[in-house]
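The listed protein sequences correspond, in order, to chains R, A, P and Y.
First residue of the first sequence: 1127, per the numbering used here; consecutive thereafter.
First residue of the second sequence: 77, per the numbering used here; consecutive thereafter.
First residue of the third sequence: 4, per the numbering used here; consecutive thereafter.
First residue of the fourth sequence: -12, per the numbering used here; consecutive thereafter.
Every residue gets a Cβ at the ideal spot worked out from N, C-alpha and C, and that includes glycine.
Accompanying notes for the structure given below.
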Amino acid sequence: MLQTQELQVNIGPQHPSTHGVFRMLVTVDGETVVDLKPVFGYLHRNHEQIAEANSYLQNMPYTDRLDYFNSMANNHAYAMAVERLAGIEVPERAEYIRVLMVELTRILNHASAVGFMINDMGAWQTPLAFGMREREKILDLFEMASGARLMCNYFRFGGVVRDLPPEFIPNLRELLRALPAYIDELERLLRDNEILLQRAIGIGILPPEVALSYGVSGPVLRGSGIPYDVRKAEPYSVYDRFDFDVPVGKVGDVYDRFLVRIEEMRQSKRIIEQVLEQLPDAKGGHINPKARQNVRPPVGDAYARIESPKGELGFYLVSDGSTRPYRYKVRAPSFINLTPLADMCRGYKVADIVVILGSIDIVMGEVDR
Amino acid sequence: MTASPFEIEIPRGRVIEVQRDDTRVRRGGGLLRGMAVVWKHWKESFKLNRSYSQIHGTFTIEYPEERPRIPEAYRNMPILLYDDETGHELCTSCFQCERICPPQVIHMTQAKDPATGKPVPAVAEFIIEYDACMSCGFCAEVCPFDAIKMDHEFELSTDDHTQLTVHKEQLLRPISYYAKIAPTMWAEVRESALKKLQGNIRRRPDVIGLAPQLTEKIAARRAELAAQAAQAAAAAPVAPAAAPAPAEGRKLTPEEKAAKLAAIRAAKAAQAGESATPAEAAPATPSPTPAGEAAPPADKAAKLAAIRAANAAKKAAAGEAPATPPAAPDASAAETTPSAAPPSDKAARLAAIRAANAAKKAAAGEAPATPPATPAGGTAADAPADAPPAAPPSDKAARLAAIRAANAAKKQQSGDGS
Amino acid sequence: MEVVVQVVFGLIALFILVAAAMVVSVRNVIHSALWLIACFFGVGALYLLLQAEFLAVVQVLVYVGAVSVLILFAIMLTRQISGEGVRQLTSRWPVVLVVTVLLFATVMAPTLINQQWNVPPAPPLGTPEPIAGPAELGRGFVNEFLIQFQVVGVLLTVALIGAIVIAFEERARRRRVLTLAEELELKRLRERATQTETPEPVEAEPVARETRPASEG
Amino acid sequence: MYDMLAALINGALGWGWPEWALNLLSYILIVTIVLVVAPLQMLFFTYYERRVIARMQDRVGPNRVGPEGIWQPIADGVKMFTKEDIVPQAADRIVHFLAPCVVVAPTVLMFAVVPWGPGMVPVDLPTGLLFFFAISSISAVGLMMAGWASNNKFSLLGAMRAVAQMVSYEIPAVLSLIAIVMIVGSLSINEIIAYQTGLIISNRDLPGIPDLGLGWFVFTPVGFVAFIAFFIAALAEGERTPFDIPEADSEIVAGYMTEYSGMKFGLFYLAQYVLNFLLCAITAIIFFGGWQGPGVGWLYAQGITPDNPNGNGLFNVLAGVLGVFYFLLKTYIFFFVMVWLRGAFPRLRIDQLMDFGWKFLIPLTLANLFSAALWVAFTRWGPAEGMLITVGWSPVLRWLAAFVVTLAINLGVYLWLTRVYAASQAERRRAELEELSAAA
């Protein structure tokens, strides 16, 4: 009697809540989502082709622009790939500084990811404002060390550009004093807020076996109950010297991913404290003196992967002996975490799509490259 | 959910399950707790929050009135430095920054010596396209002369786009300015930068290499210094004026210039003659370990001796000119054009050949290749001014030969000199 | 004072008539619904004129607030609206006109014939206040008109339940879109069901990404 | 208000105008006051909201336009005026033009029955409260027109959601007020306010209580539950945060307002904020005694001397000013609470919102009606109406008995309802799955 035909709704590229330019062609039957076709490529900047025209060092500032939220993590992955290719080893102190920087990026990424997701649910930027305040402090620290807030370009093959300025460690210790208070307050504000529970529990469930078959990684995978973390599975750099836990969800819905991210912020704080304890003094040097400005690695290829805040970020480089990479491929976690979106959204309401997308936490710079 | 069959053991840590406790019946307690948090923020926000450890309090910085503190390492757009006293730009247009710049936004042309038309270690035209520059800081890192540094100025917005292609005049900043904004970073590189500047100043004919806005000022000072020099004319021929402004010491009389040229040409000829190495086309290929330059160790020593001989000859010939031509083929060597040697300085060439033979003899005897003359690579590939690298004891013979050659050259020189 | 009341009454009556006429004659169904709402307003104004404030307010609340919104909902959800193509008048409209006039006459004639147009004088003081205020209406409902009140109550509940039944029936019939978790749950249930019949175990290896399942709705 | 103005013009100026002229002039004056006050309140509220929500997020809020940003709303207003007013080509012109009017007119009309101070009510309707809600339901029609006329898929969906939400949340709102009307016995808003004198216990129940104007309904269990239910329904009616689905920008861009720009959009904005002001005002009036407060009654009493029974000018004016101050203070506190909720909560989905309204709020208010009846029975009925138990009790004892009984009922219902509501959500999912597996 009441015939409702299916409606093609276009949650378009300039929609206020898709993180960056990302379009979803949603077939809707009433309020329920029947099918969803993600469309991206709006932010494609030909990153990998440019990389083949640049020398190895010249690519470093371009990696900042991949996942523009965590430039330090991208630098770290690229630097490790080239070091593995060219056989450059990194002094102790530089390794510790690198771990410190990546863990700081993880905190600022999770703080804003949680903020953006709740913002999509409709809380008018309050949790986001709290997240942004912590992010500002961390960006100031990055500015002190690397010279820029977002486009840090701080890593070099064989170490980092510059040693930590004297006022870096005291400010960091002060920040670490504020972090637990911030995380507890965020939990008090949101954890058992009835409205959030209704919007998050049982929404966007990604069962573990489907998560595995899609090859998702990072908080999305751990949210579905699989305790896989690259820092633990294949400890690179000096991660084998710190002990930290891996938070894991039970059901794999939006609420689990939210809790996993909050728990991961605490673990990152633990790691940073251990880094500060074991930080070797300056004699180890922040850069390997023999590391060359312009690397000319021998013919061959290398793949290095790290646990970036969004998931497993990998760089695959093929060298033909010249100063320019022959092939430069980025395994972007956001891109792969986005593929199960259609399956995760089917059967839920239109209002949930945006929340599920927020819970996956993607950055279009990394998806489109 | 069935127990997840993906047990992965975790070294140095355990797998913690997030407590969902979603089965508990909620009666609005969470909502009130959330409101309490927001109320605390509202209450606290009447105080300012400027410290890292505070999570309450307003953290907005009212930008135009209250400016954020910019850390020292902050980098925005590159600027060129010039020395306040001498007015000389540090940049010797060695093209390193142009080559490393990822978006290729730096364009420069090397200055020419108006008299002889040969390139001079100074930059004529230097352009940076500020709109495409991503202030990655590579140019400041690779510059061997610390001539280009990253500025702290970020209010650069203009409405007319052409202003964003910035020419040398707008790029230049005094060293005092940079020392003010980045004290510790400048302190590290200060000595080496200034020493290299002195080296370069000596090889720049009169006005070239001066910061344009200072040319009249410098001209005026030079006139007044010349006046002083006139009064003190009776004084003994001024020893190489280290202290007084080296600017005026740099004025070479035409015949000195010829002599200097001859010496350089001699060294060049000697070098071209013996060493089988292919001609060093570009003044300095960036790759410090150029694959092509696999010069056999033996002839490297020969070249060394030739260079040393040329130095000695020049020193003797030029008399008071303190600077010695950079012997080593380092990046900043002026490109010595292998022009035909004029007949008048045959003597210098003779001395050079004799020195080369002596060096070859010595080289044949001593241990395998001495370490490459100049420490290639490293951040600042700079050639030591004149002291020959501390050759390891094993090639003492080579040094002996060099000294003998030097004496021969001096004897020769004093013979036909005035 | 009487003249002013008459004039205002005339105006309101005219407004109601025009609105009613427009409801029928306007092409676009939405416009006709809006004219209907204007008509309800007119009736409310009439009540006010008769100093029956409570009735006027209830009229506005019930008709304009709720009924008209539901009419609008109904119109928008059902068929296409513009109605350009539909012929306004059937071909044999004169016959229809004659029939309506006759019907109207049979109703109006008796009242018009023996009707004296004088308005009855105001009732002498002391007569009980006519049922107008909310208090009297309330007492009326629970005293004299209790049965009618209960019957109307039952009627409304039946209508409400009817609406829910239709909605549920429609929902059951509509293709039920399954979420991923539900599909896997169903697969597991079905496997367990088949397992009990065929004993050989089907161990749950990580399922490859199945093609889009035809939903079993 | 009209009689005060009439007395003022006649008495003070002594022009002795004819009755109808006085009538006309005073009503014109009242209308202008109302039409000036409504937009002013809206301007102040936009500024107030942006400053308060900014403070909650550790930032400062607009402080550049004028000292501490006071002229910011004026700047917004000018922007709204100067913005180009685009009408979509395929839109239904007349309806598109009429929609904002049909939304704004009733909202401003609702000011007619809102008393600002003692005696200061534009029109003292005996059915004031009912008028208030009748008129507010008209704006739902306006929303529908706006959604339909824009001829855009999104705005139609947004309009339907908005109207569905407003209609379905009107029921708990009206039901919760009926509980108070049962206690007071009249629909007139002035009567409700006059009832709330005394200290905690209104002196209508207990004549001995000193009249401090604090006998608010919110202190009675019936009143408290009615207040919570009404405030939640008011949030839904005014489309405030937990329920601002219609213009939920995360799903459908600005709901029914998508195709409006310039002053028409400004009108929708005006209507929304004026409606919020009125809902906060009604909450303050019904549950927190409107202009009642310590000192108002006392000032009024001072003025009354044997020779002029309705008090002399000065004291009345003072009482009036104090009354208006109390009224505005309470209203702004409630708007602060609305903004506070906006800062703290995410948004409910449309079906969850409907579930909450129909399955939790309406049963709660119905139960509250029952306990209101018990309250009236205990405090006021005597043996004539069949209440035999409390025949000999003193008013205080009856009030206490009423308090205890209604508290027990309300609390019990609340706890039971939350459990049932939570269970129903989980149960529905399980039932669906079962039905599917049965079908499969």
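Taking C-beta atoms as the reference points, residue 1489 of chain R and residue 1384 of chain R fail to come closer than 9 Å. Beyond the five residues adjoining it in sequence on each side, residue 48 of chain P comes within less than 6 Å, by CB distance, of 15 in the same chain, given in chain order.
Relative to the Cα of residue 1346 of chain R, the nearest Cα in the group R/1417, R/1205, R/1378, R/1273 belongs to R/1378. Residue range 182 to 188 is occupied by the beta strand (DSSP E) that includes residue 183 of chain A, with no alpha helix (DSSP H) assigned at that position. Residue 1244 of chain R is a Cβ neighbour of residue 1322 of chain R, given a cutoff of 9 Å.
In summary, the residues of the stretch 1369 to 1402 of chain R whose CB is separated from some CB of chain A by less than 7 Å are 1369, 1370, 1371, 1372, 1373, 1374, 1375, 1376, 1377, 1381, 1382, 1385, 1386, 1389, in the order they occur in the chain. Annotation for residue 154 of chain A: the continuous beta strand (DSSP E) segment containing it runs 154 to 158.
Around the beta carbon of residue 183 of chain Y, 16 or more other beta carbons lie within 10 angstroms, which makes this residue buried. In this structure residue 174 of chain P is exposed. Its beta-carbon is surrounded by fewer than 16 other beta-carbon atoms within 10 angstroms. The alpha-carbon of residue 1301 of chain R is positioned some 5 Å away from that of residue 129 of chain A. Chain-order list of chain R residues neighbouring residue 184 of chain P: 1331, 1333, by C-beta distance under 7 Å. Collapsing the DSSP output to three states places residue 300 of chain Y in a helix. Around the beta-carbon of residue 1404 of chain R, fewer than 16 other beta-carbon atoms lie within 10 Å, marking it exposed. Excluding sequence positions up to five before and after residue 50 of chain P, its CB lies within less than 7 Å of the CB of 58, 59, 62, all in the same chain and listed in chain order. When only Cα atoms are considered, residue 1479 of chain R and residue 1471 of chain R end up about 6 Å apart. Counting only Cβ-Cβ distances below 8 Å, residue 133 of chain A has contacts in chain Y at 45, in chain order.
Inter-segment contact for the stretch 1330 to 1340 of chain R and the stretch 1163 to 1180 of chain R is absent: fewer than three beta-carbon pairs are separated by less than 8 Å.
Taking a Cβ-Cβ threshold of 7 Å, none of the residues of chain Y is close to residue 1239 of chain R; the smallest such distance is about 15 Å. Within the stretch 324 to 350 of chain Y, no residue has its Cβ closer than 8 Å to any Cβ of chain P. Here residue 382 of chain Y has 192, 193 as same chain residues with Cβ atoms under 7 Å from its own Cβ, once five neighbours each way along the sequence are excluded.
Relative to residue 167 of chain P, the option among Y/278, Y/345, Y/425, Y/358 whose CA is nearest is Y/345. Runs of the alpha helix (DSSP H) spanning 4 or more residues and lying entirely within the stretch 1373 to 1442 of chain R occur at 1380 to 1404, in chain order. One finds 1321 in chain R with Cβ atoms closer than 7 Å to the Cβ of residue 229 of chain Y, taken in chain order.
Ranking R/1134, R/1342, R/1252, R/1156 by CA distance to the CA of residue 1469 of chain R puts R/1342 first. Taking 9 Å as the CB threshold, residue 1473 of chain R lines the interface with chain P. Beyond the five residues adjoining it in sequence on each side, residue 146 of chain A comes within less than 6 Å, by CB distance, of 228 in the same chain, given in chain order. Identification of residues in the stretch 192 to 226 of chain A having a C-beta nearer than 9 Å to some C-beta of chain R yields 210, 211, 212, 213, 214, 217, 218, 226, given in sequence order. By the rule that beta-carbons nearer than 9 Å mark a contact, residue 280 of chain A does not touch chain Y.
In this chain, the alpha helix (DSSP H) harbouring residue 274 of chain A covers 259 to 278. A distance below 9 Å separates the beta carbons of residue 216 of chain Y and residue 352 of chain Y.
Taking 9 Å as the threshold, the shortest C-beta distance from residue 1295 of chain R to chain A does not fall below it. Secondary structure note for residue 140 of chain Y: its alpha helix (DSSP H) is the uninterrupted segment 140 to 171. In the pairwise beta carbon analysis, the stretch 1222 to 1242 of chain R is classified as touching the stretch 1389 to 1398 of chain R: at least three pairs are separated by under 8 Å. Taken residue by residue, none of the stretch 1171 to 1183 of chain R has a beta-carbon sitting less than 9 Å from a beta-carbon on chain Y. Taking 7 Å as the upper bound on Cβ-Cβ separation, chain Y lies near residues 1249, 1250, 1251, 1252, 1255, 1259 of the stretch 1249 to 1270 of chain R. Residue 1285 of chain R is not a Cβ neighbour of residue 1208 of chain R, given a cutoff of 9 Å.
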